[in-house]
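K.L.:
If you scroll down you'll find the structure; I have some questions about it.
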Amino acid sequence: GNSVTQMEGPVTLSEEAFLTINCTYTATGYPSLFWYVQYPGEGLQLLLKATKADDKGSNKGFEATYRKETTSFHLEKGSVQVSDSAVYFCALRSSTGANNLFFGTGTRLTVIP
Amino acid sequence: NAGVTQTPKFRVLKTGQSMTLLCAQDMNHEYMYWYRQDPGMGLRLIHYSVGEGTTAKGEVPDGYNVSRLKKQNFLLGLESAAPSQTSVYFCASRLPHGGTSGRALEQYFGPGTRLTVT
Numbered sequence: 003g004n005s006v007t008q009m010e011g012p013v014t015l016s017e018e019a020f021l022t023i024n025c026t027y028t029a030t031g032y033p034s035l036f037w038y039v040q041y042p043g044e045g046l047q048l049l050l051k052a053t054k055a056d057d058k059g060s061n062k063g064f065e066a067t068y069r070k071e072t073t074s075f076h077l078e079k080g081s082v083q084v085s086d087s088a089v090y091f092c093a094l095r096s097s098t099g100a101n102n103l104f105f106g107t108g109t110r111l112t113v114i115p
Numbered sequence: 003n004a005g006v007t008q009t010p011k012f013r014v015l016k017t018g019q020s021m022t023l024l025c026a027q028d029m030n031h032e033y034m035y036w037y038r039q040d041p042g043m044g045l046r047l048i049h050y051s052v053g054e055g056t057t058a059k060g061e062v063p064d065g066y067n068v069s070r071l072k073k074q075n076f077l078l079g080l081e082s083a084a085p086s087q088t089s090v091y092f093c094a095s096r097l098p099h100g101g102t103s104g105r106a107l108e109q110y111f112g113p114g115t116r117l118t119v120t
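Shown next, in the form of structure tokens:
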């Protein structure tokens with residue numbers, strides 16, 4: 003089956019610190035991988051994605067590389083800002099059926115000045 | 003474009019009451035989804051629809067019904083609410099697989115409905 007295991011939170015960092023949020027997955031077929039971000043009081047927004055092995059998704063200084071050999075899609079940012087405080091969800095889209103999304107449990111990031 | 007909108011934003015129900023959550027999208031998307039978000043569990047798919055007049059069960063469909071009478075609307079119904087249905091409900095929509103847009107498979111989410119069942 004399809005599942006996503008995400009680093010437990012919450013994570014608290016100082017501004018300009020390096021961020022890593024781990025994500026591993028199990029899937030049948032050839033899934034696409036996503037990171038979504040949820041700011042307080044809002045719905046989820048797509049942050050970045052990768053559709054095949056070795057692809058790197060990037061957006062707003064965040065990056066994640068689709069590693070098939072380790073079934074991972076870790077989120078990284080070199081220097082976080084207070085405005086990055088949010089909940090981050092790793093997700094995979096199955097390559098079969100209705101291409102539904104399977105989400106990890108989410109990691110709450112708080113960045114302090 | 004308003005994107006994906008959800009009505010209501012908040013609701014408190016007593017056990018056994020019924021209600022309908024409305025999701026509307028103005029992007030002409032074929033696919034629509036209902037998720038629930040619970041602490042420590044991420045989002046779980048309740049029901050989805052691949053087009054007007056069609057619906058299908060997701061991961062946690064029990065206790066919910068849905069209808070997609072119009073392409074732009076996807077309704078989620080609770081016939082007899084239970085405390086276990088206290089959650090935040092999100093609707094999402096997307097273009098079908100193989101759409102011409104490079105973002106064809108991206109799901110767009112609404113702002114959510116916070117439901118409390120007492």
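One line per chain: the protein sequences are A and B, in this order. Numbering-wise (this note's numbering), the first sequence opens with residue 3 and increments by one. Numbering-wise (this note's numbering), the second sequence opens with residue 3 and increments by one. Don't be surprised by glycine CBs; every beta carbon is placed ideally from N, CA and C. Note that the structure is predicted; figures quoted are calculated from it, not measured.
(1) Please list, in chain order, all residues of the same chain as V6/A whose beta carbon is under 7 Å from its beta carbon, the five residues on each side excluded.
(2) Buried or exposed for P42/A, going by 16 or more other Cβ atoms inside 10 Å?
(3) Give a yes or no on whether the C-beta atoms belonging to V89/A and Q47/A are separated by under 8 Å.
(4) What residue from L45/B, V68/B, L47/B, V62/B has the CA that sits closest to G55/B's CA?
(5) Evaluate the contact criterion for the stretch 35-55 of chain B versus the stretch 90-99 of chain B: three or more CB pairs, one atom per stretch, below 8 Å.
(6) Quick check: is the beta carbon of L111/A nearer than 8 Å to any beta carbon in chain B?
(7) DSSP state of S85/A, grouped into three classes?
(8) Taking the straight line between their C-alpha atoms, what separation do you get for F64/A and G45/A?
(9) Report the option in V14/B, P98/B, Q109/B, V52/B whose CA atom is closest to the CA atom of L80/B.
P.N.:
Judging by the given coordinates:
(1) C25, Y27, C92, A93, L94, F104, F105, G106
(2) exposed
(3) no
(4) V68/B
(5) yes
(6) no
(7) helix
(8) 19 Å
(9) V14/B
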